[in-house]
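Peer 1:
This is the structure in structure tokens:
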């Protein structure tokens, strides 16, 4: 192939990445402007036409602000630390023993279930009138009425932490599995063991630091998500006072429109909080790295009795699976509620079953399900396409030149950092501004606009999921095809894509699940006119009985789960004959 | 780069819509408001044919959603109007959208044609000039069936004059529900309630939705009206100085200090909203709850959410009552929304709405002003087992001036949600 053709190909890909960047960043930047101006007192429609500090002063005088902020920081950092340690521990079991495929299968569906559904399940299971106490009452507890206990939410925020861990451990495991094969964790592990370290010690001391570096971005995303989570916090977090993110939403929704100023300051404070949490994480992990290096240099082997090590490992995986098991039990109780007509305390199961909840809500639900399906498939398709385009663009650049390749790669990663901006900025900070931009462009309420906004959030997750496998691709295969005379398209379609089919399918399913869970962005971009299953579920949750809430939860689980399973089945069918080929 | 390419088409659209608005304004100048009587309404009906109305209304109740769907069917058949229910989680979402449209300079072709509001949300929309400023509601033909002399709340929404910017839709009154399995005689006043809550057997069996939830704040208003000796202060705006306003509510804070530690979860956590609280009543976690629709507890029993041992009652001195409305934003499209508002206020639509098997929302129409056969139909409506009679509901209290809401909410927040 001529060099000229190659350059044209290269230029097209490079231009494409710029277009993608504009698409992803415009909404975020417009949204940020929409938060910064009201925060400084400038909001002409509400009579704010001077810059002032009074919104900031009002914000700082909000009662219980310090408690709200510390609650946010505590829950976010605890949830992220626990998720990270537990995910790394589970990965040790998965990679070290090789026999954890069953475990992965068990927890990966949790990846597809929206946060709010998990939260509602926790509530159904663990509150004083929840399923667990129903099953134990009155024969074991003696209660014939629900006890007056602060179980969900608890006073310190542990329920929110548990809920977040149940959702983030599967995500970090998915990210970690591909990172582990990238660094050839198994060989490192064997190396560590041959130097006399125990399996778990060598995992945490040798493999974990390398894994941690590759998991940096996913962990930051988990951290920012945890500090700014609203839907799950509304159900599981303490409310007197609530975490900052919940209070921002309350201010935004205050009938007194003057509270918009305070809400805008809150949104910026939320961003600051996210930054502080990230800084704490970076500092803490630097200290941990020093400690680990010190242990390694000192030659300390941290050996324990083999039995103790085995017990320790058992408990560790038990601890890691516990939040996920609670989530699964909670989802089961949602399922039962969906088909209950009457289920009184302390009955272990409904006394009357039926479809009443479904009959009452059937109007619109089918339509919403169809919208969700089309929107999710479209958003995932566009995002996967854009991600492949992006990754090909970067790899084309790194392969064309010798010295400039290095510079280009650096530029590639820097630009790539920008696409994660939508996940690193709390949603509350930019949604109102985004809404103004869409109205100003005259595109609000259109399906394509909604798709665009979904892609802004779905694309970064797809990149996270697809990127590592794509970069790890052994170019020997395509080089060989080139030697056999295949052009770039043929090499891509006939060789590269089939080999990377499983990562592409996984990324697709992840993208679909992300799209399904988006609530606030959907409401803001669609003028409330386009109903998805999630918007319907949240609306029903605001007014109906547990039966309807259960039905809504079930619907929210069903679609992403179906897409995950189909992706899994397609992958299995495709690779049955040569499973050794799996990447 | 769609974003950039759409700028020119956007400005063309904008000019077109500006022209359209000018044209419409010119037309309106020839239709002075005073003459806009029944015959003018007929021209609206003609103009409205083929139009769509996006009705933004809370969508959390399957019963209400079904009622709105019925109204949509009727309007399609009779007036060729397509009524689309935009289901909201919170009315504030529509308010914030109207505000965003005003900020973006969208003065016509707005996304909200009709919105279900009252009280604070209405006061806010009116204050920020976010509503259509001609007093259209008084000239609706169905408005003649109402009697604002007998029910002043029809033209004074939480003490804010409606000025015809919103059309009445239904009535609400604070009612309490109790489970007869646990409560023999319900406490029928603020002080009786405090004593009941403090009894050993009833520890943790009462709560209210966390303010600023609408029902939660209303409950606090109810207590304030009962315990503040001179309740006439609530008819006037609260003093601008928050500290002195807060001090005027001393008896409310004393009442709360007395009961809070005996509430459900020792007052450390509160239900998110009315629905959350009713689920607690259904599970027996609490034994008394409150709602803003007299038929709510009957509906809950019918849906299996509440046990059939639940009954309702109100306080001896009367309970808060108000009216809810539909309003048209400043940038809404065409006259079809007025035709919809008129239909929602018609005797036929009101009769169906008042039926507790459908929704059970009391009518805003005056029985004395209705044709006798319509009045008879209202009298013959079925009532749920847990719904009080009109006579039992006749003791009502007027809503305090909306400025008190802020004083109550902030005072509560400061005392009970800040540590």
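Residue numbers (my numbering), protein chains in the order written: chain F, 35 to 617; chain R, 89 to 507.
No residue lacks a Cβ here, since even glycine has one placed at the ideal position from N, Cα and C.
In this text the structure is predicted, and so the values were computed from the model without any measurement.
1. Starting from the beta carbon of residue 357 of chain R, find every residue of chain A whose beta carbon is closer than 7 Å, and list them in chain order.
2. Can you confirm whether residue 453 of chain R, when its beta carbon is compared against all beta carbons of chain F, has any partner nearer than 8 Å?
3. Does any CB atom of chain R fall closer than 8 Å to the CB of residue 127 of chain F?
4. What residues in the stretch 180-199 of chain R bring their beta carbon closer than 8 Å to a beta carbon of chain F?
5. Let me know if residue 221 of chain R comes out buried or exposed under the rule of 16 or more other beta-carbons within 10 Å of its beta-carbon.
6. Can you give me the C-alpha to C-alpha distance between residue 416 of chain F and residue 409 of chain F, rounded to a whole angstrom?
7. Please confirm whether residue 122 of chain F and residue 216 of chain F have their CB atoms less than 8 Å apart.
8. Quick check: residue 573 of chain F and residue 175 of chain R, are their CB atoms within less than 8 Å of each other?
9. Let's test the definition: count the other Cβ atoms within 10 Å of the Cβ of residue 480 of chain R and tell me whether it reaches 16, buried, or not, exposed.
10. Take residue 245 of chain F and list the residues in its own chain whose beta-carbon comes closer than 8 Å to its own, dropping the five residues that flank it on each side.
11. At a Cβ cut of 9 Å, what residues of the stretch 161-180 of chain R count as close to chain F, listed as they run along the chain?
12. Should the stretch 305-323 of chain R be regarded as contacting the stretch 397-413 of chain R, the criterion being three or more beta carbon pairs within less than 8 Å?
13. How about the stretch 591-608 of chain F and the stretch 544-551 of chain F: do they share at least three Cβ pairs that are nearer than 8 Å?
14. Listed from N- to C-terminal order along the chain, which residues in the stretch 379-401 of chain R have their beta-carbon within a distance smaller than 7 Å of any beta-carbon of chain F?
15. To the nearest angstrom, how far is the alpha carbon of residue 291 of chain F from that of residue 561 of chain F?
16. Taking only three categories from DSSP, how would you classify residue 272 of chain R?
17. With a threshold of 8 Å between beta carbons, is residue 572 of chain F in contact with chain R?
18. In its own chain, which residues sit with a C-beta less than 7 Å from the C-beta of residue 201 of chain F, not counting the 5 before and 5 after it?
19. Compute the beta-carbon to beta-carbon distance between residue 390 of chain F and residue 590 of chain F, rounded to the nearest angstrom, for a pair I have assumed lies under 8 Å.
20. So residue 506 of chain R contacts chain F; which residues on that side make the cut at Cβ distance below 8 Å?
21. Note down the Cα distance separating residue 111 of chain F from residue 305 of chain F, rounded to an integer number of angstroms.
22. So the alpha helix (DSSP H) residue 4 of chain F belongs to, where does it begin and stop?
23. Which of the three DSSP states, helix, strand or coil, is assigned to residue 97 of chain F?
24. Starting from residue 307 of chain F and walking both ways along the alpha helix (DSSP H), at which residues does that stretch end?
25. Does the distance from the C-beta atom of residue 169 of chain F to that of residue 382 of chain F stay below 8 Å?
26. Return no unless some Cβ of chain F is closer than 8 Å to the Cβ of residue 298 of chain R.
27. Could you confirm whether any beta carbon from chain R is found closer than 8 Å to the beta carbon of residue 260 of chain F?
28. With a cut-off of 8 Å, does the C-beta of residue 352 of chain R fall near any C-beta of chain F?
29. How would you write the range of the alpha helix (DSSP H) that residue 536 of chain F sits in, first residue to last?
30. Is it the case that the Cβ atoms of residue 68 of chain F and residue 464 of chain F are separated by a distance below 8 Å?
31. Name, please, each residue of chain F whose Cβ falls closer than 7 Å to the Cβ of residue 212 of chain R.
32. Give, in chain order, every unbroken run of the alpha helix (DSSP H) that is at least 4 residues long and sits entirely within the stretch 395-439 of chain R.
33. Considering only residues of the same chain and omitting the five flanking positions on each side of residue 228 of chain R, which have a CB-CB separation below 8 Å?
34. Near residue 470 of chain R, what residues of its chain come up, given a Cβ to Cβ distance below 8 Å and the 5 sequence neighbours on each side ignored?
35. One question on the structure: do residue 462 of chain F and residue 593 of chain F come within less than 8 Å of each other, judged by their Cβ atoms?
36. Could you give the C-beta distance for residue 299 of chain F and residue 452 of chain F, rounded to a whole number, given that I count them as a contact under 8 Å?
Peer 2: In short, the structure shows the following:
1. The displayed structure is made up of protein chains F and R, and chain A is not among them.
2. no
3. no
4. 180, 181, 182, 183, 184, 185, 187, 188, 189, 190, 191, 192, 193, 194, 199
5. exposed
6. 10 Å
7. no
8. yes
9. exposed
10. 122, 125, 210, 213, 214, 217, 219
11. 172, 173, 174, 175, 176, 177, 178, 179, 180
12. yes
13. yes
14. 391, 392, 393, 395
15. 19 Å
16. coil
17. yes
18. 144, 149, 152
19. About 19 Å; that fails the 8 Å criterion.
20. 97, 98, 101, 274, 275
21. 15 Å
22. Because chain F here runs from 35 to 617, residue 4 of chain F falls outside it and cannot be looked at.
23. coil
24. 293-332
25. yes
26. yes
27. no
28. yes
29. 535-551
30. yes
31. 289, 290, 291
32. 424-432
33. 129, 255, 426, 429, 430, 433
34. 443, 444, 445
35. no
36. Contact doesn't hold; Cβ gap of about 26 Å is too wide.
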